[in-house]
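Enquirer:
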Amino acid sequence: MKGDTMKNKIATILFLCIPLEVVAEETPNVVVMLVDNLGWGELSSYGSTRGVETKNLDQLAREGVRLTNFNVEPQCTPTRSSFMTGRRALRSGTDKVVWGVPYGMVNWEITIAEKFKEQGYNTSLYGKWHLGDQKGRFPTDQGFDEWYGIANTTDESEYSSQPGYKAILPKPQILSARAGQDPKGVKEYNLDSRRTIDSELVEHATNFINRNVKENKPFFSVITFTQPHLPTLPHPDFIGKTGKGNYSDVLAEIDFRAGQVIGAIEKAGIKDNTLVIWFSDNGPEWHMPYQGSSGPWRGAYFTALEGSLRTPFIASWPNHIKPGRVSDEIIHVVDLFASLSHVGGYKLPSDRTIDSIDQWAFLKGDSEKSNRDGFIINNGSETYAYKWENYKMHFIDQDIMPEKGRPLQIPEIYNLIDDPKEEFDLRNNATWLFPIMIGKRVKFESSVATSCDTIPFPAPFGYKPDCSKGNFNQFPVDGLRQK
Numbered sequence: 001m002k003g004d005t006m007k008n009k010i011a012t013i014l015f016l017c018i019p020l021e022v023v024a025e026e027t028p029n030v031v032v033m034l035v036d037n038l039g040w041g042e043l044s045s046y047g048s049t050r051g052v053e054t055k056n057l058d059q060l061a062r063e064g065v066r067l068t069n070f071n072v073e074p075q076c077t078p079t080r081s082s083f084m085t086g087r088r089a090l091r092s093g094t095d096k097v098v099w100g101v102p103y104g105m106v107n108w109e110i111t112i113a114e115k116f117k118e119q120g121y122n123t124s125l126y127g128k129w130h131l132g133d134q135k136g137r138f139p140t141d142q143g144f145d146e147w148y149g150i151a152n153t154t155d156e157s158e159y160s161s162q163p164g165y166k167a168i169l170p171k172p173q174i175l176s177a178r179a180g181q182d183p184k185g186v187k188e189y190n191l192d193s194r195r196t197i198d199s200e201l202v203e204h205a206t207n208f209i210n211r212n213v214k215e216n217k218p219f220f221s222v223i224t225f226t227q228p229h230l231p232t233l234p235h236p237d238f239i240g241k242t243g244k245g246n247y248s249d250v251l252a253e254i255d256f257r258a259g260q261v262i263g264a265i266e267k268a269g270i271k272d273n274t275l276v277i278w279f280s281d282n283g284p285e286w287h288m289p290y291q292g293s294s295g296p297w298r299g300a301y302f303t304a305l306e307g308s309l310r311t312p313f314i315a316s317w318p319n320h321i322k323p324g325r326v327s328d329e330i331i332h333v334v335d336l337f338a339s340l341s342h343v344g345g346y347k348l349p350s351d352r353t354i355d356s357i358d359q360w361a362f363l364k365g366d367s368e369k370s371n372r373d374g375f376i377i378n379n380g381s382e383t384y385a386y387k388w389e390n391y392k393m394h395f396i397d398q399d400i401m402p403e404k405g406r407p408l409q410i411p412e413i414y415n416l417i418d419d420p421k422e423e424f425d426l427r428n429n430a431t432w433l434f435p436i437m438i439g440k441r442v443k444f445e446s447s448v449a450t451s452c453d454t455i456p457f458p459a460p461f462g463y464k465p466d467c468s469k470g471n472f473n474q475f476p477v478d479g480l481r482q483k
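Counting from 1, one number per residue, gives the positions in the sequence shown under UniProt numbering.
#1: Which residue comes first and which comes last in the alpha helix (DSSP H) that contains VAL250?
#2: Closest to ALA459 by C-alpha separation, out of MET288, PRO78, TYR384 and ASP155, would be which residue?
#3: Give the range of the alpha helix (DSSP H) segment to which LYS443 is assigned.
#4: Under 8 Å by Cβ, that's how I've got LEU43 and THR224 pegged, so tell me the actual separation to the nearest angstrom.
#5: For ILE442, is the classification buried or exposed, using 16 other Cβ atoms within 10 angstroms of its Cβ as the cut-off for buried?
#6: So, is TYR148 buried or exposed, given that buried needs 16 or more other C-beta atoms within 10 angstroms?
#7: Okay, do the segment 374 to 385 and the segment 104 to 115 touch, 3+ Cβ pairs below 8 Å being the bar?
#8: Please state if the CB of SER446 and the CB of THR353 are separated by a distance shorter than 8 Å.
#9: Run the proximity test for LEU191: is its beta-carbon closer than 7 Å to any non-hydrogen atom belonging to the ligand NAD?
#10: Suppose you measure from the CA of ASN212 to the CA of LEU57; what does that come to, to the nearest Å?
#11: Which word fits GLN482, buried or exposed, when buried means at least 16 other C-beta atoms lie within 10 angstroms of its C-beta?
#12: Could you tell me the distance, in whole angstroms, from the CA atom of VAL250 to the CA atom of PRO284?
#13: Just curious, the beta strand (DSSP E) that GLU114 is in, first and last residue?
#14: Less than 8 Å between the beta carbons of LEU305 and ARG298, yes or no?
#15: Who are the near neighbours of residue 502 in its chain, counting only those whose CB is closer than 7 Å to its CB and skipping five residues on each side?
#16: Are PHE395 and LEU416 close, meaning C-beta to C-beta below 8 Å?
#17: From the DSSP output, read off the bridge partner residues of GLN173.
#18: Use the C-beta contact count for ALA315: other C-beta atoms within 10 angstroms, 16 or more gives buried, fewer gives exposed.
#19: Starting from PHE395, trace the beta strand (DSSP E) both ways and give me its first and last residue.
#20: Please name the residue in GLY86, THR94 and GLY64 whose C-alpha comes closest to that of LYS322.
#21: Tell me the DSSP secondary structure of TYR301 in three-state form.
#22: Using alpha carbons as the reference points, say which of GLY259, ALA385 and TYR463 lies closest to ASP397.
#23: Based on Cα-Cα distance, which residue from THR123, GLU109, VAL30 and TYR247 lies nearest to THR49?
#24: Confirm, please, whether the CB-CB distance from LEU426 to ILE413 is below 8 Å.
#25: Within 10 angstroms of its Cβ, does ASP355 collect 16 or more other Cβ (buried), or is it exposed?
#26: Along the chain, where does the beta strand (DSSP E) containing PRO407 start, and where does it finish?
#27: If we require 4 or more residues per run, which alpha helix (DSSP H) segments fall completely within the segment 67 to 97?
#28: With a CB to CB cut of under 6 Å and the five nearest residues on each side skipped, what residues in its chain are close to ILE110?
#29: How should GLN134 be labelled, buried or exposed, when 16 other C-beta atoms within 10 angstroms of its C-beta is the threshold for buried?
#30: Spatial neighbours of GLU156 within its chain, please: CB distance less than 8 Å, with the 5 preceding and 5 following residues excluded, ordered by chain position.
#31: Who are the Cβ neighbours of TYR346 in its own chain at under 8 Å, not counting the five residues just before and after it?
#32: So LYS184 packs on LEU175, CB below 8 Å; how close in whole Å?
#33: Residues in the same chain with beta-carbon distance under 7 Å from ASP335, minus the five sequence neighbours each way, listed in chain order, please.
#34: Kindly list the residues whose CB is nearer than 6 Å to the CB of ALA179, restricted to its own chain and excluding five residues on each side of it in sequence; keep chain order.
#35: May I ask you to report which of helix, strand or coil DSSP gives THR54?
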């Protein structure tokens, strides 16, 4: 007993001699970089269709994990909504891009920024929002401490220079806001400021990083770049940089901006304590001169084809995410909400349907298998397809965005390994897939139809679901891999 007491005293003394930062690991920071309409095939590490070197993003991939089967929604708004809430956009009334009518997330939604705030994080969003452009629907109304960027889409930068635009109409603005304050216009968003806005986003993000490091505060920062969304116009410093035209110059700029953010993290001395995530919100533009590349996949955004759904995804965190991994396992953008709970230390909401599947063990490299084996594909409010393992079942046929989808009397089935362009229908030879995939579709659609927390489109301002009877699915009903 006496010996044990002495050992305990010695252990206590040794413990007290260890610096506090060694005893308790610092609260990690999280930086999420999101680009707009970048196709799967543009980065060097994904095949570099244009031959543009993206060395900063390639290095980030070497230091972490690169996914080749990361999936998003076919449109901008629903992807951003799914990331923010951990709920498929069809449940949130944010399932499509709209123009000219009130839209956006309702305040009832709990965002990932609000969850990080609960854990003592400072939060920021710099860039495109596209989840509401009215008072009560801005980023600073949804958990972000500060915001600098645009409320809607980069198309608006073209408005004031287009024929017929009236001088009396309000000109689109780049906005700035802090939580509790109304956004203020900083300057007009036009074809000139369109070229420079992404460099400004990096400046704001760098300042935010440095301020929080100085104050010893953990932070969650989302940088939603505007490139390469049309009009795809590079910063003046990058005009002619590649000698291959505007789009290639923009690719060089995209890589440079990522490198600037990574460099700011390294310079601040917090690289080992910062998770960095980089991905695109949906597939590429379909028409010239802004057409992007989907690599080996067919299709562009606003469709249910792989070229619309698969986008590049890279995540890196030294000593946490195993470096140099490449995986073709299925993961969906909605899964980031649950996965990042392990980093931010927050609990998932228990009073609503959550579609997010925890993928943290997979992202770190502790598991080779994703916890997701498939997902339903909604394009707007309609079910266009279902993707399960290496198969895709199409219920509506559509090649490009302007075409109206054509409902199929008999669904078509494609093997995505043998037929990445989804050209050879296997339905006559794969009838065994019908009960599996149609059953999964019915299960999800039934959940949306019967859950108390399904918000009607376009998410009326102030709408608050009545879930007093608890008729909702707290756990994911779609895509969860059975052990």
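Glycine included, C-beta positions come from ideal geometry on N, C-alpha and C.
Expert: By the coordinates alone:
#1: Per DSSP, VAL250 is one residue of the alpha helix (DSSP H) stretching across 246 to 267.
#2: Here the closest residue by C-alpha is PRO78.
#3: Where LYS443 is concerned, the enclosing alpha helix (DSSP H) stretches over 433 to 450.
#4: So it is not a contact: roughly 18 Å between Cβ atoms.
#5: Note on identity: in this sequence residue 442 is Val, with Ile being the wrong assignment. With fewer than 16 other Cβ atoms within 10 Å, it is exposed.
#6: Flag for TYR148 reads buried.
#7: Contact fails: fewer than three Cβ-Cβ distances are below 8 Å.
#8: No, they are not a contact pair.
#9: As far as ligands go, the structure on display features none, and thus does not contain the ligand NAD.
#10: Straight-line measurement puts the Cα of LEU57 at about 25 Å from the Cα of ASN212.
#11: Label assigned to GLN482: exposed.
#12: Their Cα atoms are separated by approximately 14 Å.
#13: Where GLU114 is concerned, there is no enclosing beta strand (DSSP E), although the alpha helix (DSSP H) around it starts and stops at 112 to 118.
#14: Between LEU305 and ARG298, the C-beta gap is smaller than 8 Å, which places the two residues in contact.
#15: The question about residue 502 has no answer here: the residues shown for the chain are numbered 1 through 483.
#16: In this structure, PHE395 lies away from LEU416, with their beta-carbon atoms at least 8 Å apart.
#17: DSSP output for GLN173 lists GLU188 as bridge partner(s).
#18: Flag for ALA315 reads buried.
#19: Unbroken beta strand (DSSP E) run through PHE395: 391 to 397.
#20: Looking at the Cα atoms, GLY64 is the closest of the given residues.
#21: TYR301 falls in the coil class under three-state DSSP.
#22: Nearest of GLY259, ALA385 and TYR463 to ASP397, Cα basis: ALA385.
#23: Minimum Cα distance to THR49 is reached at TYR247.
#24: Here ILE413 is near LEU426, since their CB atoms are less than 8 Å apart.
#25: Within 10 angstroms of the beta-carbon of ASP355 lie 16 or more other beta-carbons, which makes it buried.
#26: Run containing PRO407: 406 to 415, per the beta strand (DSSP E) assignment.
#27: Listed in chain order, the complete alpha helix (DSSP H) runs (minimum 4 residues) inside the segment 67 to 97 are 76 to 85 and 89 to 92.
#28: These residues qualify, in order along the chain: PRO349.
#29: Exposed, because fewer than 16 other Cβ atoms sit within 10 Å of the Cβ of GLN134.
#30: Excluding its 5 nearest sequence neighbours in each direction, GLU156 has C-beta neighbours in its own chain below 8 Å: ILE150, PRO172 and TYR189, listed in chain order.
#31: Contacts found: LYS115, PHE116, GLU118 and GLN119.
#32: Rounded to whole angstroms, the Cβ separation of LYS184 and LEU175 is 7 Å, and the two are in contact under 8 Å.
#33: If we look at ASP335 and ignore the five residues flanking it on each side, its Cβ neighbours are SER356, ILE357, GLN359 and ARG372.
#34: Non-local C-beta neighbours of ALA179 in its own chain, meaning closer than 6 Å and more than five positions away in sequence, comprise THR140 and ASP145, ordered along the chain.
#35: In the displayed model, THR54 falls within coil according to three-state DSSP, outside both helix and strand.
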